[in-house]
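Converting from the sequence shown to our numbering requires adding 508 to each position, the first position being numbered 1.
Here a beta-carbon is modelled for each residue, glycine too, at the ideal position from N, C-alpha and C.
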Amino acid sequence: SIEETDYGLRIGTTGRIDYTITKPNDPFRLFVDLRGIAPGNMPKKLTLSGTGVASEVDIEEVKLPVEATRLNLLLSSPAEVNPTVDGGTLMLAFKVNGTDEANSTPVSAVTAVEPAPEPDTGVTEMQDTGNTLPPAQYLESISMEMLRDALQVTLKGDGSMIPDVFPLDNRLVIDIPDVAMRAEIPHEVIKPLKGIRWGEHDTKLRVVLDLESNTAFDVVSIGDEVRVKLRSAGLLAKSMETQQEVPKKEITKAPAVQESPKATDVTPEALTEGRYSGKRISLDFQDADIVPIFRLIADVSGYNIVVDPQVKGKVTMKLVNVPWDQALDLILKSNKLDKVVEGNIIRIAPVSVLAKEQEERAKKIAASRKAEPLVTKVFPISYADVKNVQKSIDSAKILSERGSISVDERISSIIVKDVESNMPKVEELIKTLDKPTPQVLIEARIVEVNTAAKNEFGIKWGLSTHTYDKTLSLGGLTPFIVDFPSGAGPGSGSGINFGFINPAGTLKLDLEIGALQNSGKLKIVSNPRIITVDNEEAFISQGKSIPVRKLTSEGTVSTEFKDVKLELKVKPHITPDNSVILNVEAKKEEIDPTVPSVEGVPGTDKKEAKTNVIVKDGETLVIGGIYKTFDNDSATGVPGAMDVPILGWLFKKKQKEFNTNELLIFITPRIVTQPPKE
509 SIEETDYGLR IGTTGRIDYT ITKPNDPFRL FVDLRGIAPG NMPKKLTLSG TGVASEVDIE
569 EVKLPVEATR LNLLLSSPAE VNPTVDGGTL MLAFKVNGTD EANSTPVSAV TAVEPAPEPD
629 TGVTEMQDTG NTLPPAQYLE SISMEMLRDA LQVTLKGDGS MIPDVFPLDN RLVIDIPDVA
689 MRAEIPHEVI KPLKGIRWGE HDTKLRVVLD LESNTAFDVV SIGDEVRVKL RSAGLLAKSM
749 ETQQEVPKKE ITKAPAVQES PKATDVTPEA LTEGRYSGKR ISLDFQDADI VPIFRLIADV
809 SGYNIVVDPQ VKGKVTMKLV NVPWDQALDL ILKSNKLDKV VEGNIIRIAP VSVLAKEQEE
869 RAKKIAASRK AEPLVTKVFP ISYADVKNVQ KSIDSAKILS ERGSISVDER ISSIIVKDVE
929 SNMPKVEELI KTLDKPTPQV LIEARIVEVN TAAKNEFGIK WGLSTHTYDK TLSLGGLTPF
989 IVDFPSGAGP GSGSGINFGF INPAGTLKLD LEIGALQNSG KLKIVSNPRI ITVDNEEAFI
1049 SQGKSIPVRK LTSEGTVSTE FKDVKLELKV KPHITPDNSV ILNVEAKKEE IDPTVPSVEG
1109 VPGTDKKEAK TNVIVKDGET LVIGGIYKTF DNDSATGVPG AMDVPILGWL FKKKQKEFNT
1169 NELLIFITPR IVTQPPKE
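Here it is as structure tokens:
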């Protein structure tokens, strides 16, 4: 039978009790082996009331050298156990200790937990010496102390020490990196310790504890101390009666024992950079239950941890000087678990459980929205198209299943019917969409200038045939406002050229146009200004419509008008840096007397160009290369007499005139600043 008492457990048997108590690497577990005793009709699992230290007992039959019953006790907190036997009854009295007294390890596992600061819960914990003590340089002392049921060997340094511990046959090897020996070896040792040896290496100090057979141990690193507890099957609580002298040959430096396998040199900073910031701990568990490890992490971190009843599993791990939150994540990932953090509480559950809860939470929210009353709100639209706003709200899918949206184009408004909780989302989206479209003022100057006056005007066409070799400039060594690339010559019928003038040059351009206009060397054909919104085309036209007589298929004559004009199409687009992309199409058509007419329709000379350019706000785009040629060959004199050969020159005057003018187009985009909305 197993009964719970105020101080522990009472285990009753029908015969003599021969027991062994083992404290594994899991501080929340305790194994009690009852040799030669069968479990009988006891259940495989016994759940206790939970008021004492022991909360659960797993009962199983094991095959040791003899048949035995193993009791696997789950403890509510790490504790020391004091066993007493009274006939066929085994009494287990528990005493709850601090974290530094609770961690223990069998021969096959080592636990080295780096201390953490004392949390608000009041549980005594080890200090995080990794942050308060410098790394040790020397091992200062080696001492022994007999506890109730164990021998404790303490290695003390002049700073923090993180040992690498591994067992060999009846030996325990402790490697302390970057530490030199300055301690004296005790001349007398206590069982189960048989002797102490040490050896210095290039990067570490090795201390070897020679042990009796079947000696269990656990190792805890606490600040500047490494504490090793040694337990043997026959060791009593206060047994100090058996001592022996260490042979002199074992006090001196001994050859190094077998090297432990080296781990890959990866710094903790490289593994945790930017992700983990918890206090650093060192853990070594072999096939340990994960639930007590979570409780240990709760003590170290200061967080409250709630473990779902479905959480179970075992883990084998060896972590040295890693953040506790990284250790927690590794355990969770290894067992398909996840965590939810709410304030200072961490809840741990299987991934499937948390996913199901999230689905149920979403269903609950949807159900609450279905129960929420519907409200109707009207949102006026000032700038955007109401139908486009409606499409955007539908595409955003921010309305509930019961929500609806409609438009009233008459008053330019959006009507939304939905739950109250969705209205702020709709309002925020409408504020984002309902903004005035930026506008651009397109100012065009169409001037006709005599080619002889171009240099006075400050325009220079490039003379190179490679148009990309020429650059645009203002000031400096050249007196020209703009230096154009080379184009086709006058009368060639092709070659419309483009150039730029910066905002400072635009002011100078206005002065030059006015001066040349007053001198008669320049004629302003047109100076239109037009405002258009971003990405909308502006159209400027200048010219004439001439009547043209056409002969129809029925033999009648009709009169039509043909446009002979200059057309300019400009489509602006404002960039985020307040530049303007201009899509420009320029077309010039005029009657060409050198081309014979067909059926009364005169021939025309047509020039056109399309381009995309980027100009800054206030800069001027210049389009040139559109020429008008005037060729006049006339004779005047006395009728009849002027036609006499040779002598006719005395009675007539012949005049031949040739002149070429160039049409220049200046386009200046200016971004219109919107007044602030009151």
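For S563, the uninterrupted beta strand (DSSP E) segment begins and ends at 562-571.
P685 is the residue among D732, P685, V697, D1071 whose C-alpha sits nearest the C-alpha of H709.
By the criterion of at least three beta-carbon pairs nearer than 8 Å, the segment 1099-1107 is not in contact with the segment 1141-1157. By the neighbour-count criterion, in which 16 or more other beta carbons inside 10 Å mark a residue as buried, E696 falls on the exposed side.
According to DSSP, P932 shares a beta bridge with no other residue. Bounds of any alpha helix (DSSP H) do not take in L581; it lies within the beta strand (DSSP E) bounded by 575-583. By the CB criterion at 8 Å, K1070 and E1045 fall outside the cutoff.
Secondary structure of V859 (DSSP, three-state): helix.
Judged by beta-carbon spacing, E1068 lies within the 8 Å limit of K1058, meaning their Cβ atoms are closer than that value. Closest in alpha carbon position to N678, among F725, S668, L655, is F725. Annotation: the continuous beta strand (DSSP E) that includes V1078 extends over 1065-1082. Under the criterion of beta carbons closer than 8 Å, L663 and V715 qualify as touching, at roughly 7 Å. One alpha carbon belongs to I704, the other to D683, and they sit about 14 Å apart. R537 is classed as buried because its beta carbon has at least 16 other beta carbons within 10 Å across all chains shown. Rounded to whole angstroms, the gap between the alpha carbons of A1117 and A1094 is 5 Å. Distances from the CA of F1047 to each of I1054, G1063, L1074 were compared; the closest alpha carbon is that of L1074. Spatial neighbours of I1089 in its own chain (CB-CB distance under 6 Å, excluding positions within 5 residues in sequence) are listed in chain order as H1081, I1122. At a cut-off of 4 residues, the continuous stretches assigned as alpha helix (DSSP H) that sit fully inside the segment 810-865 are 832-842. Burial check for V1109: the Cβ neighbour count within 10 Å stays below 16, so the residue is exposed. The segment 1034-1041 and the segment 943-951 touch, with no fewer than 3 CB-CB distances between them shorter than 8 Å.
In the displayed model, Q898 falls within a helix according to three-state DSSP. Comparing alpha-carbon positions, the option among K895, I954, L641, S557 lying closest to T1128 turns out to be I954. Here E917 is exposed, its C-beta having fewer than 16 other C-beta atoms within 10 Å. Looking at the DSSP output, M689 sits in a beta bridge with L647. Under the three-state reduction of DSSP, T513 is assigned to coil, being neither helix nor strand. When rounded, the separation of the alpha-carbon atoms in S1087 and I1175 is 14 Å. Here P675 is bridged, per DSSP, to L680. Counting along the chain, S914 sits inside the beta strand (DSSP E) bounded by residues 912-916. For L1158, the number of other beta carbons within 10 angstroms of its own is below 16, and it is reported as exposed. With contacts defined by Cβ atoms closer than 8 Å, V814 and V799 do not form a contacting pair. Comparing C-alpha distances from L517 to each of I567, D541, L598 shows the shortest one belongs to L598. Under the criterion of beta carbons closer than 8 Å, D594 and N580 do not qualify as touching, at roughly 23 Å. Secondary structure at F802: helix, using DSSP grouped into helix, strand and coil. Going by DSSP, I545 is part of no beta strand (DSSP E) at all; its letter is neither H nor E. Around the Cβ of S721, a 10 Å sphere holds fewer than 16 other Cβ atoms; the residue is exposed. Under the DSSP definition of a beta bridge, A587 partners with V604.
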